[in-house]
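First up is the structure itself, then whatever we jot down about it.
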Amino acid sequence: MTRLRATATAIALAMAAGPPANAQTATDLLERGVASYSDLQYDPAAILLRRALDVRGPGALPDTLLPEANAYLGAVEHFRGRRRAAGVAFHAALAADVRFRPDTLVFPPAVTAAFDEARRETAFIRISVPADTTIQVGEDVYVVRVDASALHNVTVMLTDAARSTIQTLHTGPIVDSLEVRWDGTGRDAARLPDAVELRVVSQLRGGGRRVVRQLLHVRVRPADTLPFPPPLSQAELRPEREPANPAVGPLVAGLVTGVGAAVLPTLVTDERDGATLRFAVGGALGLAGVVGFLSGSRDRAIPENVRANTMARDAWWREREAVRAENARRRAVQRLRITAGEQVVEPDR
Amino acid sequence: MTVGRGTVVRAILVTAACVAGGTAPAFALQTVRLWGGGSVAVVGAVSESSGEITDLSGTLLGVAGRAAVGPLALHVRYAEGDLDPANDDGVGQRHIEGVALLGVTPLAGLEVGGGPRVRSIVRDERTQRWVVWQVGGRYESPALAPWVRGVVQGWIAVGGDVSNGGEFTSGRGGAAGILVRPGDGPLEIRVDYTIDELRLGEDAGRETMEGFTLTVGWGRQ
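For the protein sequence lines, the chains are A and B, in the order given. According to my numbering, the stretch in the first sequence is residues -1 to 347, in order. According to my numbering, the stretch in the second sequence is residues 1260 to 1480, in order.
This is how it looks when you write it as structure tokens:
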């Protein structure tokens, strides 16, 4: 009786927390039905409980009370000798919560035994998936929990919108629960569609089947890539050339030696004019001086700065290649964001 | 001819030995920079003796060398060859010449010094030998263009002696050339225009030589 009082207390709390008008009526009906059951007044209890369960809309019983309410209704019908109606009520309790079991401290063994007998005929399924999660393909797995009301065979598969199978995750019996794992890959490494369905197909005792569909929205998350290093600015590089001063020295030296060759005979002897070919030597010297002047007056490279800039550019390029390699590695790892959509129980077939 | 060549060689060797003996202790710890090479010169000469002028031309082959320690350098050069007369009725001559000069470099590129110049002229089995003591300077410019330098030098005689001819009175000469050291390495290629004149007293005679010399050498500067 302690458990019975606890149930009544839970119903009272649900009444206090629920919507004020209709909900209070539904839960009040439930409370009165439970009280009638406790007083062994099964006929009024059956009426009250059915009325409580029949309320729809905002005043309906909260989902958390549906298994309990149906269990009381099943117990009432059991004691009224209406075994078929009791079985229907027990099925409804399991349909509301596949993991529901009547409390053995509240219900007598005759009721729990009738519940178990009815449960063994059922094949209700509940799929539990993360509401919103991200997995790294190849590294993480997407965990799906499947709860069952009773032992039966199921097939858990992933399909696209056209119900074409992408991947079969499990085929075989389920006792009361099952955890299946999806690695995030599609069919033959093909790109996954944006929306996929997780389908759990239960084989019913009568040969039919029941399908529960869980919609999953799948988005490929772009990889978090590293930014490339900014290009080297002029401020980071040293000047590689410097303006040269006019190379007057070579010019003067070339002209002096060239003129020297030309006037040498005059300085040495007054008896001979000198060979004309000496002007070729003098001209070559003068020309070399002019070449030296022109080449020496050009901008000149600064080798140490050229080396330093080359090292800086090489370091920048190595850093860029390292970032490129890291980004390629990151892009190769696909990340999926998976958001759970609605869960639909299809009519039995 | 044998007499003339021997005299020139002896003069060069004596000078070199004296210089080497005198400078060796002072520069014993310094590195000796050696250079050597060969030369070919195309020369023209005017030989005047007792009013008779003979124009000659020919080719001289020679060797040259240099040994330098610190700022001091000893230059030696030897060349000889036959000079042919320009006219059919002229007489040719054998020309042998050697120079040994000791120089010092007070400023970069400028070298001053002096030494003996010995020239033997063998004509009709008769040898006329000039021994001239000369002083002068040589300037080698910095690089005019990559690997290319200019060289100009001049000298004047401060004493001399002539055998079989008369009394030596004066002498002077000079050269200007272009020098190439590929890659600033040890190979040296040089083309010089040279001219000099030696005179005897009372216009008794003179020897004027002019030519172009190609020298190819190897060594440290």
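Every residue gets a Cβ at the ideal spot worked out from N, C-alpha and C, and that includes glycine.
{"Check": "Quick check: what's the CA-CA separation for residue 1372 of chain B versus residue 1360 of chain B?", "Outcome": "7 Å"}
{"Check": "Residues in the stretch 259 to 276 of chain A with C-beta within 7 Å of chain B's C-beta atoms, listed in sequence order?", "Outcome": "259, 262, 263, 265, 266, 267, 269, 270, 272, 273, 275 and 276"}
{"Check": "Between B/1298, B/1438 and B/1345, which has its C-alpha nearest residue 283 of chain A's C-alpha?", "Outcome": "B/1438"}
{"Check": "Could you give the DSSP three-state label for residue 45 of chain A: helix, strand or coil?", "Outcome": "helix"}
{"Check": "Ordered along the chain, which non-local residues of its own chain (more than five positions away) have a Cβ less than 7 Å from that of residue 197 of chain A?", "Outcome": "155, 157, 209 and 211"}
{"Check": "By the criterion of Cβ-Cβ separation under 9 Å, what are the contact partners of residue 295 of chain A in chain B?", "Outcome": "None at all; the shortest Cβ gap to chain B is about 12 Å."}
{"Check": "Between residue 1292 of chain B and chain A, is any beta-carbon pair separated by less than 7 Å?", "Outcome": "no"}
{"Check": "Output yes if chain A places a C-beta closer than 7 Å to the C-beta of residue 1467 of chain B; else output no.", "Outcome": "yes"}
{"Check": "Give, in chain order, every residue of the stretch 1436 to 1459 of chain B whose Cβ lies closer than 8 Å to some Cβ of chain A.", "Outcome": "1436, 1437, 1450, 1451, 1452, 1454, 1455 and 1456"}
{"Check": "Going along chain A in order, which residues have a C-beta closer than 7 Å to the C-beta of residue 1476 of chain B?", "Outcome": "Result: empty, since nearest Cβ-Cβ is about 18 Å, beyond 7 Å."}
{"Check": "Determine, using beta carbons only, whether residue 289 of chain A comes closer than 7 Å to chain B.", "Outcome": "yes"}
{"Check": "Between which two residues does the alpha helix (DSSP H) holding residue 262 of chain A run?", "Outcome": "246 to 266"}
{"Check": "Measure from the alpha carbon of residue 192 of chain A to the alpha carbon of each residue in A/24, A/345 and A/338, then state which is nearest.", "Outcome": "A/338"}
{"Check": "For a cutoff of 7 Å on Cβ pairs, would you count residue 281 of chain A as touching chain B?", "Outcome": "no"}
{"Check": "Any idea which residues DSSP pairs residue 31 of chain A with across the strands?", "Outcome": "In DSSP, residue 31 of chain A forms no bridge with anything."}
{"Check": "At which residue ranges does the stretch 1389 to 1474 of chain B contain complete alpha helix (DSSP H) runs of 4 or more residues, listed in the order of the chain?", "Outcome": "none"}
{"Check": "Alpha carbon to alpha carbon, how far is residue 79 of chain A from residue 71 of chain A?", "Outcome": "12 Å"}
{"Check": "Compute the beta-carbon to beta-carbon distance between residue 1428 of chain B and residue 1460 of chain B, rounded to the nearest angstrom, for a pair I have assumed lies under 8 Å.", "Outcome": "4 Å"}
{"Check": "Are the C-beta atoms of residue 1378 of chain B and some chain A residue less than 7 Å apart?", "Outcome": "no"}
{"Check": "Where do the ends of the alpha helix (DSSP H) carrying residue 306 of chain A lie?", "Outcome": "301 to 330"}
{"Check": "Mind checking if residue 327 of chain A is an interface residue toward chain B, Cβ cutoff 7 Å exclusive?", "Outcome": "no"}
{"Check": "With distances taken between CB atoms, is the gap from residue 144 of chain A to residue 92 of chain A smaller than 7 Å?", "Outcome": "no"}
{"Check": "Using only CA atoms, which one of B/1385, B/1377, B/1404 and B/1402 lies nearest to residue 1352 of chain B?", "Outcome": "B/1385"}
{"Check": "Measuring only the C-alpha atoms, how far is residue 260 of chain A from residue 1348 of chain B?", "Outcome": "33 Å"}
{"Check": "Secondary structure at residue 74 of chain A, three-state DSSP: helix, strand or coil?", "Outcome": "helix"}
{"Check": "How would you list, in chain order, the residues of chain B whose beta-carbon sits under 8 Å from the beta-carbon of residue 308 of chain A?", "Outcome": "The contacting residues do not exist; residue 308 of chain A stays about 24 Å from chain B at best."}
{"Check": "Closer than 7 Å between beta carbons: that is the criterion. Which residues of the stretch 241 to 252 of chain A meet it against chain B?", "Outcome": "247, 248, 251 and 252"}
{"Check": "Anything in chain A within Cβ reach of residue 1401 of chain B, meaning under 9 Å, just list it in chain order.", "Outcome": "247, 248, 251 and 290"}
{"Check": "Could you tell me which of A/201, A/263, A/200 and A/104 sits nearest to residue 1303 of chain B, measuring between CA atoms?", "Outcome": "A/263"}
{"Check": "For residue 1339 of chain B, which residues from the same chain have a beta carbon less than 8 Å from its beta carbon, with the 5 sequence-adjacent residues on both sides left out?", "Outcome": "1264, 1319, 1320, 1321, 1353, 1354, 1355 and 1356"}
{"Check": "Step through the CB atoms of chain B and report whether any lies within less than 7 Å of the CB of residue 221 of chain A.", "Outcome": "no"}
{"Check": "Do residue 286 of chain A and residue 1407 of chain B have their C-beta atoms within less than 7 Å of each other?", "Outcome": "yes"}
{"Check": "Are the C-beta of residue 1300 of chain B and some C-beta of chain A separated by less than 7 Å?", "Outcome": "no"}
{"Check": "Are there 16 or more other CB atoms within 10 angstroms of the CB of residue 180 of chain A, so buried, or fewer, so exposed?", "Outcome": "buried"}
{"Check": "Could you check what DSSP says for residue 20 of chain A in three-state terms: helix, strand or coil?", "Outcome": "Bear in mind that the predicted position of residue 20 of chain A carries a pLDDT of just 47, short of 50, making it unreliable; the figure below should be weighed with that in mind. Correct three-state label for residue 20 of chain A: helix."}
{"Check": "How big is the Cα-Cα spacing for residue 163 of chain A and residue 190 of chain A?", "Outcome": "12 Å"}
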